[in-house]
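Just so you know, the sequences run in chain order A and B.
Be aware that the first sequence starts at -13, since it is given in the working numbering, and climbs by one per residue.
Be aware that the second sequence starts at 2, since it is given in the working numbering, and climbs by one per residue.
To start, the structure under review is shown below, and the notes come after it.
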Amino acid sequence: GAGVSQSPSNKVTEKGKDVELRCDPISGHTALYWYRQSLGQGLEFLIYFQGNSAPDKSGLPSDRFSAERTGGSVSTLTIQRTQQEDSAVYLCASSPGLVADTQYFGPGTRLTVL
Amino acid sequence: GENVEQHPSTLSVQEGDSAVIKCTYSDSASNYFPWYKQELGKRPQLIIDIRSNVGEKKDQRIAVTLNKTAKHFSLHITETQPEDSAVYFCAPGGSNDYKLSFGAGTTVTVRA
């Protein structure tokens, strides 16, 4: 079946602009996660959804970052007033959500803020 | 929150030798212990996992061992091959929710 998909695959924007990143999880997966990975670094947890609610937003770096999930499926990560330090690969993952389980990652969105 | 440490941060091995990466965690309630592999430019993918009711699991050349008392688990790769070169992440979880706490990663290089 289809895996996790993300769009766009690449995004170049100017400092100060807003961007929206989209994640389509595997059908039926109730848990959805957003991570950020800077070049050569590990995975930085941003936020996780269980259904449409976000029990843990502790990783969002600032109030410029927000995320929502609708219909228990698609999620959007929005970064307002982008800064150069926001440049990174943003990875989305989903899991069945019944217990802590395998997370299936999307290909990521590479964000470059000029 | 969970504190996770991986050692070593980099590992270079001769092709055919074994590689071992250790992951130490802090939350004694964690009950799920996966390892992910990320090749250059690719997404992380699960390679093996273990739950707390099992002490060891093996899948061909890779194995994971768990010591719940000491709060650490290890990834073992035998007969390493060039395609094993990648970054490996441990990600314990399962104590209170569905989150996994990723370690900082270990860069493994297999020398031909």
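Glycine included, every Cβ here is placed at the ideal spot set by N, Cα and C.
- Contacts with chain A at 8 Å (Cβ-Cβ) do not include B/Tyr26.
- Every beta strand (DSSP E) stretch that sits fully inside the stretch -1 to 34 of chain A and reaches 3 residues is listed by chain position as 5 to 10 and 17 to 23.
- Annotated three-state conformation of B/Pro83 is helix, per DSSP.
- Here the alpha carbon of A/Pro(-6) sits roughly 20 Å from the alpha carbon of A/Arg50.
- DSSP, read as helix, strand or coil, puts A/Asp49 in coil.
- For A/Pro41, DSSP records no beta bridge to any residue.
- B/Asp50 sits in a strand when the DSSP states are folded into three classes.
- By the C-beta density criterion, A/Arg67 is exposed, having fewer than 16 other C-beta atoms within 10 angstroms.
- Under the Cβ criterion (8 Å, minimum of three pairs), the stretch 59 to 69 of chain B does not count as touching the stretch 103 to 112 of chain B.
- Interface residue (Cβ-Cβ distance to chain A less than 8 Å): B/Leu47 is classified as such.
- Beta-bridge annotation (DSSP): B/Leu12 is paired with B/Val109.
- By the rule that beta-carbons nearer than 8 Å mark a contact, B/Tyr99 touches chain A.
- Close to A/Thr88, with beta-carbon spacing below 9 Å, are these residues of chain B in chain order: Pro35, Leu47 and Asp50.
- The C-alpha of B/Val65 is placed about 10 Å away from the C-alpha of B/Val55.
- Here A/Glu71 carries a helix assignment [DSSP, helix/strand/coil].
- Residue pairing of B/Asp60 in beta bridges, as defined by DSSP: B/Ile63.
- Between A/Phe35 and A/Arg22, the gap from beta carbon to beta carbon reaches 8 Å or more.
- Excluding the 5 residues flanking it on each side, A/Gly83 has same chain C-beta neighbours closer than 7 Å at His15, Thr16, Ala17 and Gln36, in chain order.
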